[in-house]
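Read the structure below first, then the notes.
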Amino acid sequence: MNSFLRSAHLPQLTSSHPHVEFKISPRPGKHPVLKAQYVNGREKAVCVRNLRVEEIRQKVEGLLGNDGKKNRRLGARKVVAANESVRGVWSPMHGGIKRI
């Protein structure tokens, strides 16, 4: 995180996004965290421990491009086949009785 703060990426981000406030606060003895507070009141935090400068930049851009809404599933559709299964539908009542 220190290398990201000293790199040229941070001034580029701040100049390209003047509508965003960037706060940098020390957290001694804790892992570095990126926090984003959105207009709708939500807050997202991303841990950037052991990430390189380029990976941290990608995380920051991901937070900037986000609208702050909760992540939701898009809805998995069930597969509906036009043909019946080759094996048929399984039932415990069919098949031979096995003796032990």
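For any residue, its number in the working numbering is found by taking its place in the sequence shown, counting from 1, and adding 5. Note that beta-carbon positions come from the ideal geometry of N, C-alpha and C, so glycine has one too. For clarity, every value in this text was computed on a predicted model and none was experimentally measured.
Secondary structure of residue i, DSSP reduced to three states
{"i": "E66", "result": "helix"}
{"i": "V25", "result": "coil"}
{"i": "L10", "result": "helix"}
{"i": "E48", "result": "strand"}
{"i": "L15", "result": "helix"}
{"i": "V58", "result": "helix"}
{"i": "S96", "result": "coil"}
{"i": "S20", "result": "helix"}
Own chain partners of residue i with C-beta closer than 7 Å, once the 5 adjacent residues on each side are dropped
{"i": "L10", "result": "I29"}
Assumed close pair residue i, residue j - CB separation to whole angstroms, cut-off 8 Å
{"i": "K49", "j": "N71", "result": "7 Å"}
{"i": "V53", "j": "K64", "result": "6 Å"}
{"i": "V117", "j": "L69", "result": "Residue 117 falls outside the range modelled here, since the chain spans only 6 to 105, and no answer is possible."}
Range of the contiguous beta strand (DSSP E) that encloses residue i
{"i": "L39", "result": "38-42"}
Neighbourhood of residue i by C-beta distance below 6 Å, restricted to the same chain and skipping five residues each side
{"i": "N45", "result": "G73"}
{"i": "I61", "result": "F9, V53"}
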